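One structure is given below, encoded as structure tokens.
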Amino acid sequence: MGLGRFVVTRTLNLVLVLFAVLFLTIALAGPATDNVLKRGVGIFVKQDIAFTCGKQNPPAFCRDANAIQEQVRTMTAREIENLGLNEPWWAPKRLWYSLYSLATLNLGEAYFLRSYGGSSVVRDIIVEAIPKTILLFTTSTILSLIIGLFIGIRAARKPGGILDRLTSTIGVSSGVVPIWWVGIIMIIVFSYGFRIFPARATPLLAPSDPQYIPALLYHMTLPLITITMLGFGGWAYIVRNLVIGIMQEDYITVAMAKGVPERNILYGHVLRSAAPPVVTIVVLSLSGSLSGALITEAVFDWPGMGRLIFNAIGALDIPIILGVTYVSTAVYLASIFIADVLYGFFDPRVKAG
Amino acid sequence: MAQKGVRSLWREFAKQPEGILGFAILVLLIGASLIAITTLPQETFREWSNPTYWQRYPKTAAPSWTNLFSSSKQPEHLILQSPAIDEDRLGGIRRITHTFSLQFNYDDFPGDFNLNYVVRYGSVPPQIELRVARPDGETVELFKTTAPSLPAQLTAYQFNGTISSQDRILRDTVLQQASKPACPPGSLNDTRANVLLFQVGCDKPGRSGLLRGQYLFQGSFYLFGQDDQVERSELIIGGKVFGTMGTDDLGRDIWTGVLWGTPVALFIGLTVSILGTGVGLIYGVTSGYFGGKTDETLMRFSDIIISFPILFVLIIIAVSTRMTLPLLILILVIFGWPGLAKVTRSIALQLKNLPYVEASQLMGASSSWVMVRHIIPQITPYVIASVALTVPGPILAEAGLSFLGLGDPTLPTWGKILNDAYSFGAGARQLWWWILPPGVMLALTAISFVLIGNALDKVLNPKMRKV
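Same order as they appear, the protein sequences are chains A and B.
Following this note's numbering, the numbering of the first sequence begins with 1 at its first residue and continues without gaps.
Following this note's numbering, the numbering of the second sequence begins with 354 at its first residue and continues without gaps.
Laid out in structure tokens, this is it:
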């Protein structure tokens, strides 16, 4: 299997999963959305008829209660048919339309939530949240990686030493501690206790304010510290394992025998060999943090995608939930794809099959 | 043979301090589960989300041991359920007296107190009296009441009654007794019964009027019928601290909730992990053993499953239907197996070409025989480590989902308790006893299993042992 074929199968996989998730989303949310819409149509029709009958010279049917009921029924049925709601969600025409509008993020308007500028268009709200999520999680991933590289390499120098054992234990443990819970504790200690950082990570300034960026960065500090604190251990552990593995390779032994200084071996040869898997894991962890960070963002009130879906769940704002799910899935799949292809590119065994 | 294997495995495992630490935590967790199942009343589990059940408990009370570290001892909330019972006869009338003894040594007045009782009687309703003997020797007659007369068409009746310190008549009675009539008019600015009863003399600045010592609350039931009976009674003295871990805004005992959360979490984690591992093992071995087109198809399918963003799938499902525990476990199993399938497939690929496997095939063994007898036993070590390593995932997923308010709404799970804490603003109110215990348990459980899994992996996976 060549790299070309590998990329093709990965792409097919990507498209398939995306459609499967879209389908699942529509299948699960479809009936609920339909009911909401139908109820809305009913209310709209009644208001319309009330308005018509309230005018001067109302039409004849307004005088008879039964006729009004009849009129409400026929008009509701007509509206529902116009909107295509008389067919179930799985009717091919509707299904394709739903898939198409979801895929193009053409999700109409949110029920309750608004963007900062006051727009209720789902796409606007989501587009506003994406950069915040990327800012927070890219920064924390890079920070964790730098600290992790530093500690991991030091730990790998003496396998079985104190630092190594500590790195291993902390590395495997910190990854499974729920970040959002630690976040709550951090807020209690540093926001309510010592009053160093704000408890809510959303700046009160308008985005157009020149002070907005510094304010945003200041508000970002506490979530950043929390995520990095729990993240670097895992990186240190990964780096340590990679480095120890590479140190056992023959060419490293040769370099040592030649008398190349240890620093040069570690930072030259070993790190270069460790780079490909590290890059792959960075890509994967970025996308992983995107969904795992959902609750963390909500806890810190950081105005990204996580808080958005958290608020949307609270308000049962279905268009937003669907939109965020779709966008996050797409980003997640795209990064798995990139990671896979990068891995295939770096690792000749994948190309060979 | 197998026993010897287990013993040597344990010996290797015991050499790893991290593994031992994880194992020790696991033993504690299992202990906590057993304590929960055997000692806690079943209703506390079933009625966890029913606020009426928790009415007798104080709202947002701190743990009672906080008194040890505090300069002023806050009154403890007490639910006294086993009174000393006396019975005597006054002519044809039986008098049953329930005496509750209360050692009151706190630095603040207690909250409201209630006497709850259940009496069963026939045609003549019993009379009920409550009096208190104070440490200063005074006895205060608090309240007299008669149970309601029998509803028509009934020959026996069971009545649940309450005498509350918030009752106006009770309050006035206290005001007129306990040396209070001597107080100059207007000198008492707090005339609640729970304050007056525990106060000596008239109002004094601060808490200096607090009367400490032993109080005896006596509830007397005058029964007129032969079959009349006092079923039970309990005295609740309101307080500001309660129990091992305090209570939440609905009065729920956090200690009870956190203890119940342990078996629930272990059940979710272990069920999903074992089922998922089983599916992954069979799937991976089948895929690797048969190879070719079967392998290709099966692996493509598992690639698709593994790419599903599980948290979002859960959110969508939870938003559109009501989430229950079995449904959650089912979903987590459906999306939880492909990781192991990949590993077992690659091992099966190597094993199937080994001479002893080929020999077995040549002797005419069926594929399923070869897989079960020769391949799966070889993979078992990886599988055992994998079970331990995959336990935290489902537990954390459930906690996250519950924290979002999308979990099974009735169960006491750690995520649910944290969700309640978060939505009641426990962080801003510094109610640490509501936030710390469930999170600590969550973290401990997850850490315990990864430490065990990692240690097992090192023992069972020779490649890792070298480092």
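Each residue gets a CB set at the ideal place from its N, CA and C atoms; glycine is no exception.
All figures in this text were calculated on a predicted structure; none of them were measured in a lab.
Using only alpha-carbon positions, find the residue among the options that is nearest to residue i.
i, options, result
"residue 514 (chain B)", "B:585, B:554 and B:400", "B:585"
"residue 299 (chain A)", "B:776, B:593 and B:631", "B:776"
"residue 528 (chain B)", "B:518, B:517 and B:544", "B:544"
"residue 86 (chain A)", "A:39, A:62 and A:105", "A:39"
"residue 123 (chain A)", "A:339, A:342 and A:320", "A:320"
"residue 478 (chain B)", "B:580, B:566 and B:668", "B:580"
"residue 13 (chain A)", "B:701, B:510, B:654 and B:435", "B:654"
"residue 216 (chain A)", "A:311, A:196, A:338 and A:132", "A:132"
"residue 155 (chain A)", "A:102, A:278, A:247 and A:101", "A:247"
"residue 163 (chain A)", "A:197, A:134, A:237 and A:117", "A:237"
"residue 783 (chain B)", "A:189, A:80, A:235 and A:19", "A:189"
"residue 44 (chain A)", "A:204, A:90 and A:79", "A:79"
"residue 482 (chain B)", "B:377, B:488, B:495 and B:476", "B:495"
"residue 766 (chain B)", "B:402, B:367, B:374 and B:364", "B:402"
"residue 652 (chain B)", "B:413, B:672 and B:692", "B:692"
"residue 202 (chain A)", "A:19, A:107, A:24 and A:136", "A:136"
"residue 432 (chain B)", "B:439, B:420, B:470 and B:424", "B:470"
"residue 548 (chain B)", "B:462, B:665 and B:616", "B:462"
"residue 804 (chain B)", "B:474, B:374, B:387 and B:606", "B:374"
"residue 396 (chain B)", "B:387, B:386, B:407 and B:464", "B:407"
Would you kindly work out how many angstroms separate the C-alpha atoms of residue i and residue j, rounded to a whole number?
i, j, result
"residue 304 (chain A)", "residue 130 (chain A)", "6 Å"
"residue 541 (chain B)", "residue 550 (chain B)", "13 Å"
"residue 638 (chain B)", "residue 191 (chain A)", "52 Å"
"residue 103 (chain A)", "residue 700 (chain B)", "39 Å"
"residue 509 (chain B)", "residue 428 (chain B)", "40 Å"
"residue 28 (chain A)", "residue 55 (chain A)", "43 Å"
"residue 790 (chain B)", "residue 273 (chain A)", "44 Å"
"residue 745 (chain B)", "residue 798 (chain B)", "7 Å"
"residue 802 (chain B)", "residue 750 (chain B)", "15 Å"
"residue 553 (chain B)", "residue 491 (chain B)", "10 Å"
"residue 820 (chain B)", "residue 316 (chain A)", "No answer about residue 820 (chain B) holds up, because its pLDDT of 39 lies below 50 and its placement is not dependable."
"residue 183 (chain A)", "residue 413 (chain B)", "22 Å"
"residue 590 (chain B)", "residue 785 (chain B)", "24 Å"
"residue 197 (chain A)", "residue 48 (chain A)", "52 Å"
Pull up the DSSP beta-bridge partners for residue i, would you.
i, result
"residue 442 (chain B)", "B:447"
"residue 567 (chain B)", "B:456"
"residue 415 (chain B)", "B:594"
"residue 606 (chain B)", "B:600"
"residue 552 (chain B)", "B:563"
"residue 582 (chain B)", "B:473"
"residue 574 (chain B)", "B:449 and B:481"
"residue 18 (chain A)", "In DSSP, residue 18 (chain A) forms no bridge with anything."
"residue 435 (chain B)", "Beta-bridge pairing links residue 435 (chain B) to no other residue."
"residue 517 (chain B)", "B:467"
"residue 588 (chain B)", "B:433 and B:468"
Near residue i, which residues of its chain fall below 8 Å by C-beta distance, leaving aside the five closest residues on each side in sequence?
i, result
"residue 713 (chain B)", "722, 723, 726 and 727"
"residue 446 (chain B)", "575, 576 and 577"
"residue 569 (chain B)", "452, 453, 454, 455, 485 and 486"
"residue 354 (chain B)", "Unreliable placement is indicated for residue 354 (chain B), whose pLDDT of 40 sits below 50; the coordinate value is still reported in the next sentence. Result list for residue 354 (chain B): empty, nothing under 8 Å."
"residue 314 (chain A)", "none"
"residue 251 (chain A)", "269"
Using a Cβ-Cβ cutoff of less than 6 Å, which residues in the same chain neighbour residue i once the five nearest sequence positions on both sides are dropped?
i, result
"residue 170 (chain A)", "233"
"residue 148 (chain A)", "232, 235, 236 and 239"
"residue 21 (chain A)", "329"
"residue 770 (chain B)", "610 and 791"
"residue 523 (chain B)", "495, 496 and 546"
"residue 175 (chain A)", "234"
Return the chain-ordered list of same chain residues with a C-beta closer than 7 Å to the C-beta of residue i, the five sequence neighbours on each side being excluded.
i, result
"residue 362 (chain B)", "812"
"residue 266 (chain A)", "153"
"residue 501 (chain B)", "478 and 512"
"residue 285 (chain A)", "141"
"residue 145 (chain A)", "235 and 282"
"residue 18 (chain A)", "329, 330 and 333"
Which bits of chain D does residue i rub up against, with CB to CB less than 7 Å?
i, result
"residue 223 (chain A)", "Considering every chain present, this structure includes no chain D. Its protein chains are A and B."
Note to self: Runs of 4 residues minimum, wholly inside the segment 280-352 of chain A: which ones carry the alpha helix (DSSP H) assignment?
What the structure shows: 294-300, 305-315, 318-346 and 348-352
Next item on the list: Entirely within the segment 466-515 of chain B and at least 3 residues each: give me those beta strand (DSSP E) ranges in chain order.
Entry: 466-474, 480-486 and 492-499
Checklist line | Continuous beta strand (DSSP E) assignments of at least 3 residues falling wholly in the segment 620-687 of chain B | finding: List check, beta strand (DSSP E) in window: nothing returned.
Checklist line | Minimum length 4: unbroken alpha helix (DSSP H) runs contained in the segment 96-132 of chain A | finding: none
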